[in-house]
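Some notes on the structure that comes next.
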Amino acid sequence: MSIVITPFAKARLFPRDGRLNAIQDITPAQFEQHLNAHAPLKVLDGYAPFCKLHVHRNWTSTRCLTIPITDDNRHQLRSAYEARNKSELPVLVRWFEGLEAPVANYLVVILYSREQLEKEGERIDGDWGIVGCLYTAEPDEIPMAPITMMRNALGVEEGGSGVPIDREAYRRSAEFWQRNANWRV
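For reference, each letter of the sequence shown is one residue, going 0 to 184 in numbering that gives the first Met the number 0.
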């Protein structure tokens, strides 16, 4: 099985500005090489048959993706409408400003099958394409953000995958994201 990084993931996981809430210490090519050379600790099923999650112990200084919301830090939450790329419509996002998460114990790599990526207009040379990565304290996924579930249900034309919303998964996601937020420096 061969794994390659997609342009979408490369831009999000390895931004040119070097921000601290992205993957640290390695290049996209080194990331790809490591994933192909080292078996994951475990493989989780993703939200659809074309999606798999490979759990790897964090070999970088990459920090956790989220921080729990508390009464002491709630005042540091910020929000704005943002698009992930130029072709997508902006959606409301929120994050902590002025806080840093601890170093993650695990990198949970999100993979899509070659067939799904072709359906979404992305051709790859490998069997699986990296579309994202979760940086976590535990060897498990964190729930997909509710807006991502909505976008996926809208279909490929709107930047999604075309997978209908699982209402119970959506409720679990909303519950998690009510108590946690991403962070930026």
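Note that beta-carbon positions come from the ideal geometry of N, C-alpha and C, so glycine has one too.
Just so you know, these numbers come straight off a predicted model, no measurement behind them.
Check: Considering only residues of the same chain and omitting the five flanking positions on each side of residue 173, which have a CB-CB separation below 8 Å?; Outcome: 145
Check: Mind checking residue 74: buried by the 16 CB within 10 Å criterion, or exposed?; Outcome: exposed
Check: Grab me the residues of residue 3's own chain with a C-beta within less than 8 Å of its C-beta, minus the 5 sequence neighbours each way, in chain order.; Outcome: 31, 123, 124, 125, 127, 128, 129
Check: Keeping to the same chain, check which residues put their C-beta closer than 7 Å to that of residue 143; ignore five residues upstream and five downstream.; Outcome: 46, 172
Check: Kindly indicate which residue of 91, 175, 77 has the alpha-carbon position closest to the one of residue 83.; Outcome: 91
Check: Go ahead and label residue 160 buried or exposed: buried means 16 or more other beta carbons lie within 10 angstroms of its beta carbon, across all protein chains shown.; Outcome: buried
Check: Kindly indicate which residue of 175, 167, 96 has the alpha-carbon position closest to the one of residue 18.; Outcome: 96
Check: For residue 33, which of 15, 59, 10 has the nearest alpha-carbon?; Outcome: 59
Check: Judging by CA-CA distance, which residue of 22, 11, 16, 15 is the nearest neighbour of residue 104?; Outcome: 22
Check: What residue from 6, 24, 1, 68 has the CA that sits closest to residue 57's CA?; Outcome: 24
Check: Kindly provide the ranges of any alpha helix (DSSP H) runs that are 4 or more residues long and lie completely inside the stretch 96-123, ordered along the chain.; Outcome: 113-118
Check: Hey, quick one: how far does the beta strand (DSSP E) through residue 55 stretch, first residue to last?; Outcome: 50-56
Check: So, at 6 Å on beta carbons, what are the nonlocal neighbours of residue 152 in its own chain, with the 5 sequence-adjacent residues on each side left out?; Outcome: 163, 164
Check: Exposed or buried, which one is residue 87 when buried takes at least 16 other CB atoms within 10 Å?; Outcome: exposed
Check: Just mark residue 80 as buried or exposed, buried being the case when its beta carbon has 16 or more other beta carbons within 10 Å.; Outcome: exposed
Check: DSSP state of residue 20, grouped into three classes?; Outcome: coil
Check: Might you give, ordered along the chain, the residues of its own chain that have their beta carbon closer than 6 Å to the beta carbon of residue 41, omitting 5 neighbours on each side?; Outcome: 54
Check: With distances taken from CA atoms, which of 27, 94, 133 is nearest residue 177?; Outcome: 94
Check: Excluding the five sequence neighbours on either side, which residues of its own chain have a C-beta within less than 8 Å of the C-beta of residue 65, listed in chain order?; Outcome: 100, 141, 179, 180, 181, 182
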